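Protein chains in written order, with UniProt numbering: chain A, 1 to 296; chain B, 1 to 400; chain C, 1 to 316; chain D, 1 to 257.
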Amino acid sequence: MIEFVNFYLFPALAIGSIYALGAVGISMIFGILRFAHFAHGDLMTLGTYGVLAMAAIVPVNPLLLIPFGMALTIVSALLVDRYFYKPLRELPTIYTVISSFGIALVFRSIVQLVWGSQNQVFSTGVKPPLVLFDTFRISVLHLQAVISTAIIAVLLHYFLTVTRTGRSMRAVADDPELAEVSGLDTAKVIRWTWIIGAALAAIAGTFAALNTSAHPNLGWNLLMPMFAAAILGGIGKPMGAMAGGFIIGLAEELSSYHWIGDDALISPSYKTAVAFVLMIGLLIFRPQGLFKGRLL
Amino acid sequence: MKKLTTFMAAAALLGSGTAALADDTKIGILMDITGPIANFIPPLQNAADLAVKQVNEQGGLLGGSAVAVYGDTTGTAQGAVDAAQKLVNVENVPIIMGSLMSGTTIAAAEAAIIPAGVPQISPTATSPAMTFLEDNGLVFRIVPSDNYQGEILAKMVMDEGIKKVALTYVNNDYGVGIGETFIDAYTEAGGEIVAEAKHEEKKDSYRSELASLAKGDAEALVVIAYAGDSGGKIVRQAIEGGLFTKFVGTDGLRDELLIQNVGADALKTSFFSSPTSPAENPAQKALHDAFNAAYGEGADKAFVDQTYDATFLALLAIEKAGSTDRAKIAEALKEVAMAPGEKVGPGEWAKAIALIKEGKDIDYEGASGSAEFDENGDVGGYIGKFVVDGDGYKQVEIVE
Amino acid sequence: MELTGLFFYAVSLLILGGIYAILCLALNVQWGMGGLFNAGIAGFYGVGAYTSAILTTSASSKHLGGFGLPVPLGLVGAAILAGLAGWAVARICVRLKSDYLAMASIGIAEILRLVIVNESWLTNGSLGLSRIPRPLADLTTGRMGDIVFLGFVWFVVLLVYLAASRLHDSPWGRSLRAIRDNEASAAAAGKNVEKFRIQTFVIGCAIMGIAGALSAHYFRFLSPTATDPLLVTFLVWVMLMAGGSGNNKGAILGALTIWTLWSVTEIFTNRLPPEWATRSSFIRMLLVGLLLQVVLQRFRSGLLPEKSPPVKFRQE
Amino acid sequence: MIELDKICVDFGGLRAIDHASFKIDAGRITGLIGPNGAGKTTAFNVIAGAIRPSAGRVLLDGKDITALKPHQRAKAGLARTFQIPHEFGHLSVLENLMASASAPEGENVFNVIFRRGHYQAEERQIYETARDTVRLLELDHVIDEKAGNLSGGQKKLVELGRALMRNPKIILLDEIGAGINRTLLSKLADKILMLNRERGLTFCLIEHDLDYVSKLCDHVLVMAQGSLLTEGSVEEVRNDERVIEAYFGGGKYEAQL
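Here's what the structure looks like:
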């Protein structure tokens, strides 16, 4: 049982919070701009390297430098939207999807050109885990990730329900045509979608890199589970995406727990496939997600 | 008009490269620059460049200069074949050093390099399949087959008095090759593998794998994976979780990055195996000194020795053959690499060309071993046992 | 740079270009004619490659095999198995809207890749299959073998092109394009949308399997490194968009153009100053990403835009 | 010919059609009118199979077709046009019409690749019919134009042409007149009348312009708030208190009478 908590549950929650933060952006972009943003993972990578670059100059806890990564991703996302996605907005969404595929490649090659392809770590040495009650060993970083995600969830919820911009965003995500005729400022809504999505991507990327190391494929490798999380939570439902992220994280990690007998339920080699299978299953049987998102 | 100018500029650029001095001799270097092992490559490019630089500083190649031409396999079979075709046909190189991954090395050899009759020498392709290529004596490697390192590693672990281990290996040609041989050799020698897990690259968490590995009462965890990817993460997460304190690794894990990642203290009781040279051979030190003098750091990274040696051997073979005749070079490669002959070490190019001019036979003793090819172009070689020493690694024993 | 060398480089360009042309024609059936967003090309390509490799190699203790069949039968087997895989996928996924189908197909390709890597009794896992025969290998030796293989590849390209053109020009293709343009309206005109889509998906996947098989025979060695999504899935999409989606000739032209660009750029980037040359591969990736944006914004309909087939009764 | 039997349709919590029952008789031109939001287009969608009703049955010639999919209903003889033109944008006008015809031989993949001779006769037949239809609709000058480039009115004609290509028993026309200029409109009315009189084709049309309805229709069905309000001849309906109430009484609907 203790083993379960220490090696499966806590790490799963930490991975889940990374997925959750990434999935919020994907879900909102999908809901409001109506396309699957394939460059979101690489946007995460870009933010991570922004933080990493600052960390090389300013020797403080990398978590304090996340705003620099956020600034980098927000500016990049807004520029990319302005110059690459916006001209395609009137066309079938497929064009934007393919375009975002190319943008993913552009982000990745820029990271490799500027920072090289070698793995980079934020800090050396092993940080001893927090030991609670002599039995639970939790990595400090995991605790930070889960708590930050919880705080962000509260703030995001406040933003979406109380502020005018947040409410407009929800309205557009629910019904773009209706929102258009009721005179909402669509341009502003789109801007804020990118700002929030990009900012959270930078946070998620930094946590992922802190957990292991930064490398150019960091975000791309996380993309599919994040899509799965966004669909699970229901497209256009940021809070649903958060929950979806945690569910996917838990499902991936817990799938290889020895629930029955002594063997892992699913060989860890197939761990990656769990998110995919969940995602495909959802797409077929419950495409609106668990929280009644919009159907495209 | 605009198109025409672009075309002219492109043509000029293409011309400028190929119209270089007539007495330049090219050497093709095939590496997996982008793709899954991109993070290994920068020091290896330095190693190859170092060999070429030393040649040019010490009298040049065939009376002219040596020029390294790179091809990027992109870590895929398609990219490997395409890059090799360009090296062989467009750049017209007489010999190819590379590539690193077995998958790209064999695809490039089969589809492009062997048909063109170009000799190829890989520094790190460890797949057993390399042994049985129908290569007309053209394909060589200076790293032992996985089978060999797996057996030695098993012996090393037994000699250390470790009777029960947990084993995890990365699911690619490198990890599976060594891992499976290790299992056979270790259990045959009386050891017990209490837990075993094959793992995927590029995951963030290996904690669930570790949890199942920790379930037996293993004395050490054998990790056959790269420090830059899953290997480093596994060691780190095992230490963080307090699951293992003693690790046994291979050359993929023996990387300064690992020490950077988890700190030297945590690796005090761990040891690593890696292809190396006989103890009295000063070659490795000579290379590392020259490397660090040229690039500041990085000589101790995985596969640097092998890459340098393969490049240097390729250059020696061209010089020995006396021309860019591909068949002659293939023969010459065996002569310069194998005994008998006057010993030549890394960086001793001037000595080598003097000997060749005198008509004497030479035998290159490299930093990674002495490269005695068998009839399949394979080497046996020496495997060293390394421990962490400060920020780097120290060789403590050699197993043949 | 000697002429024979350039000639054989051209041969190799055309061999891989031909294999890409087949992939591109397959995607054109699925996307250009059928409007199905298959982002898992690498998966079906991999199924075909492994099927043909396993069917044609001689026995090995390491993996399934030892059938030693002739190469053309391997190709047929590859088409059948990849088509079956496509059928299974289509049965469950074909109703999905475009973006969702893209995500589902990426997921499926990834699962297929995991199976290839992990089920070593079948595929020899990451160690790969070696000694895969080439067709008509006895005729020649050395580089001349490439010329024979080039002929073989383009013979297959021709067959696939003929089949794709017949599909495109036929009432079947017309109805398929109608479904692509407007699903509701096509259903109202009595078209069984789901049946058409499944057929389209299966045909496309079978052709992708043939392309995979051809590359296995070209490389003579097959390991999971051959099913990389960047070089298989993504590049093929760029090729089709650039060549002209909906146009079979455009698909072939796009494949050849983009593959040549992709390959030849390395010759140029290698001639950059040394400090850039080591990063040439990343520059290449950046250029392809940007090129795609240019194609999407400026040359949306590609080099050869979609054209309606002529109606042959008109002249009479 | 068509019978709706206590049909209900729900969108989320909203009941768009509430136990609607009515008949469309064979050989006649029936008008379906009512204020916006009365459920007319939804009723068409239910008849054509695009929307599955939550309760009730749809009958075609006395046979229950509720379970049939849209393409199966089309094969059973039902054709429709859409309120917003649903043209095949990348196909030429001729292809739009030809694609709408039934082509069992030419849509068989095996035939297409290996036995092209098998569908030539069928294809020629389709071509002739499409030519005739183009001539009938006076679209000759745009026959090779991509349908996506046509004007709104031309697209409406293509919609009708596609429906005719099915050689159906009944055609459902959803606001075929909207967006078409006056001259074309009256020509269109003549064509519909001619098709009805000469070929015995059954029509059911949704239309807002009551003059147009009175010119065409033998019989009118009036829907309001999701069910049938009344039916009868145009004159009868026009003077019906409940109809006037339905149009004006809601207040929020514009006057359309």
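No residue lacks a Cβ here, since even glycine has one placed at the ideal position from N, Cα and C. The structure displayed is predicted, hence computed values, not measured ones.
Pick helix, strand or coil for R220 of chain C, following the three-state DSSP scheme. Walking along the third sequence from the start, residue 220 of chain C turns up at place 220. Residue state, collapsed to three classes: coil.
Cβ-based neighbour list, G68 of chain C, same chain, cut-off 6 angstroms, excluding 5 preceding and 5 following: Here residue 68 of chain C is taken as the residue at index 68 of the third sequence, counted from 1. Closer than 6 angstroms at the Cβ level, and outside the excluded window around G68 of chain C, lie S58.
Spatial neighbours of L258 of chain B in its chain, beta-carbon cut-off 6 angstroms, leaving aside the 5 residues before and after: If you number the second sequence from 1, residue 258 of chain B lands on position 258. Excluding residues within five positions, the ones whose Cβ falls inside 6 angstroms are A227, G232.
Does G98 of chain B come out as helix, strand or coil in the three-state DSSP assignment? Start at 1 with the first residue of the second sequence, and residue 98 of chain B comes out as number 98. Three-state DSSP puts G98 of chain B in a strand.
Per-residue contacts from E107 of chain D into chain C (C-beta, under 7 angstroms): Locating residue 107 of chain D in the fourth sequence gives position 107, where the first residue counts as 1. Simply P171, W172, S175.
Exposed unless 16 or more other CB atoms sit within 10 angstroms - verdict on Q30 of chain C: Residue mapping note: residue 30 of chain C aligns to position 30 of the third sequence, counting from 1. Flag for Q30 of chain C reads buried.
Cβ of I178 of chain B within 7 angstroms of Cβ of D146 of chain B? To locate residue 178 of chain B, count along the second sequence from 1; it is residue 178. To locate residue 146 of chain B, count along the second sequence from 1; it is residue 146. Closer than 7 angstroms, so yes.
Give me the chain C residues within the contact set of H19 of chain D, using Cβ-Cβ distance strictly less than 8 angstroms, ordered along the chain. Against the fourth sequence, residue 19 of chain D aligns to sequence position 19. Within chain C, no residue comes near H19 of chain D; the closest Cβ sits about 26 angstroms away, beyond 8 angstroms.
Could you confirm whether any beta carbon from chain B is found closer than 7 angstroms to the beta carbon of Q118 of chain A? As a working note, residue 118 of chain A is residue 118 in the first sequence. Taking Cβ atoms only, chain B reaches closer than 7 angstroms to Q118 of chain A, which makes this a yes.
Residue(s) in a DSSP beta bridge with M31 of chain B: Within the second sequence, numbered from 1, the residue matching residue 31 of chain B stands at position 31. The partner list for M31 of chain B (beta bridge, DSSP) reads B:D72.
With a threshold of 8 angstroms, are at least 3 pairs of Cβ atoms found where one atom belongs to the region 192 to 210 of chain B and the other to the region 159 to 168 of chain B? yes
Could I get the ranges of all uninterrupted alpha helix (DSSP H) runs contained in the region 256 to 307 of chain B, with 4 residues as the minimum, in chain order? 256 to 262, 283 to 295
So, for A173 of chain A: in the same chain, excluding its five sequence neighbours on each side, which residues have a beta-carbon less than 6 angstroms away from its beta-carbon? Position 173 of the first sequence holds residue 173 of chain A. Within the same chain, A173 of chain A has close Cβ partners G31, I32, G236.
Chain-ordered residues of the region 226 to 246 of chain C with a beta carbon less than 7 angstroms from chain A: F234, W237, M241
Where K163 of chain B falls: helix, strand or coil (DSSP): For the purposes of this step, residue 163 of chain B is taken as residue 163 along the second sequence, with counting starting at 1. Three-state DSSP puts K163 of chain B in coil, outside helix and strand.
Residues that DSSP places opposite G366 of chain B in a beta bridge: As a position in the second sequence, residue 366 of chain B is number 366, starting the count at 1. Answer is B:G369.
Whose C-alpha, out of C:F7, C:G48, C:L13, C:M103, is nearest the C-alpha of M279 of chain A? Position 279 of the first sequence, counting from 1, holds the residue named residue 279 of chain A. If we check each option's Cα against that of M279 of chain A, C:M103 comes out closest.
State yes or no: is the beta carbon of L7 of chain A nearer than 7 angstroms to at least one beta carbon in chain B? Along the first sequence, read from residue 1 onward, the residue named residue 7 of chain A stands at position 7. Looking at the sequence provided, one finds Phe at residue 7 of chain A rather than Leu. At least one chain B Cβ lies under 7 angstroms of F7 of chain A.
Quick one: give me the first and last residue of the alpha helix (DSSP H) that V220 of chain D is part of. Counting from 1 along the fourth sequence, the entry for residue 220 of chain D is found at position 220. Premise fails: V220 of chain D lies in the beta strand (DSSP E), 219 to 224, not in any alpha helix (DSSP H).
Enumerate in chain order the residues of its own chain whose CB-to-CB distance from T18 of chain B is below 7 angstroms, with the five nearest sequence positions on each side excluded. As a first step, residue 18 of chain B must be located in the second sequence, where it is residue number 18. Low confidence applies to T18 of chain B: its pLDDT is 43, below 50, so where it sits in the model is not reliable, and the reading given next is rough at best. So the list is empty, once near-sequence residues are dropped.
Beta-carbon proximity list for L61 of chain B, same chain, < 7 angstroms, skipping 5 on both sides: Looking up residue 61 of chain B in the second sequence gives position 61. Hits under 7 angstroms: T25, V55, L315, I318, E319.
D181 of chain C at chain D interface by Cβ criterion, 7 angstroms: On the third sequence, residue 181 of chain C is found 181 positions in, with the first residue counted as 1. Chain D contact via Cβ: present.
Are the Cβ atoms of residue 402 of chain B and A225 of chain B separated by less than 7 angstroms? Summary: the structure shown does not reach residue 402 of chain B, with chain B confined to residues 1 through 400, and so no result is reported for it.
Taking the straight line between their C-alpha atoms, what separation do you get for I57 of chain A and L65 of chain A? Within the first sequence, the letter at position 57 stands for residue 57 of chain A. Within the first sequence, the letter at position 65 stands for residue 65 of chain A. Using only the alpha carbons, I get a separation of about 11 angstroms.
Given a threshold of 16 other Cβ atoms within 10 Å of its Cβ, counted over all protein chains shown, does P310 of chain C qualify as buried or as exposed? Numbered from its first residue, the third sequence carries residue 310 of chain C at position 310. Exposed, because fewer than 16 other Cβ atoms sit within 10 Å of the Cβ of P310 of chain C.
Name the DSSP bridge partner or partners of residue 281 of chain D? Nothing about residue 281 of chain D can be read from this structure; chain D reaches only from 1 to 257.
A337 of chain B and V344 of chain B closer than 7 angstroms at C-beta: Residue mapping note: residue 337 of chain B aligns to position 337 of the second sequence, counting from 1. Residue mapping note: residue 344 of chain B aligns to position 344 of the second sequence, counting from 1. No, the pair does not count as a contact, with Cβ atoms beyond the cut-off.
Which same chain residues end up closer than 8 angstroms to C24 of chain C when comparing Cβ atoms and leaving out the 5 residues on each side of it in sequence? Within the third sequence, numbered from 1, the residue matching residue 24 of chain C stands at position 24. Excluding positions up to five away in sequence, the list reads V236, M239, L240, G243, A251, I252, G254, A255.
Which of the three DSSP states, helix, strand or coil, is assigned to V60 of chain A? In the first sequence, counting from the first residue as 1, residue 60 of chain A sits at position 60. DSSP places V60 of chain A in coil when its eight states are reduced to three.
Answer with buried or exposed for I98 of chain A, where buried requires no fewer than 16 other C-beta atoms within 10 angstroms of its C-beta. The count along the first sequence starts at 1 and reaches residue 98 of chain A at position 98. Flag for I98 of chain A reads buried.
Buried or exposed: where does Q120 of chain A fall if 16 or more other Cβ atoms within 10 Å of its Cβ makes it buried? Here residue 120 of chain A corresponds to residue number 120 of the first sequence, with the count starting at 1. Buried is the call here.
Which listed residue (D:G27, D:D211, D:P70) has its alpha carbon closest to that of F44 of chain D: In the fourth sequence, the residue the question calls residue 44 of chain D occupies position 44. That would be D:P70, whose Cα lies nearest to the Cα of F44 of chain D.
According to a CB-to-CB cut-off of less than 9 angstroms, which residues of the region 122 to 133 of chain C neighbour chain A? none
Helix, strand or coil for I210 of chain C? Go by DSSP, reduced to three states. The count along the third sequence starts at 1 and reaches residue 210 of chain C at position 210. DSSP places I210 of chain C in helix when its eight states are reduced to three.
Going by beta-carbon coordinates alone, are N248 of chain C and A164 of chain C separated by less than 7 angstroms? The residue labelled residue 248 of chain C in the question sits at position 248 within the third sequence. The residue labelled residue 164 of chain C in the question sits at position 164 within the third sequence. Yes; because the gap between Cβ atoms is below 7 angstroms, this pair is in contact.
Alpha helix (DSSP H) segment containing H199 of chain B, residue limits: As a position in the second sequence, residue 199 of chain B is number 199, starting the count at 1. It is not in any alpha helix (DSSP H) - H199 of chain B instead sits in the beta strand (DSSP E) that spans 192 to 199.
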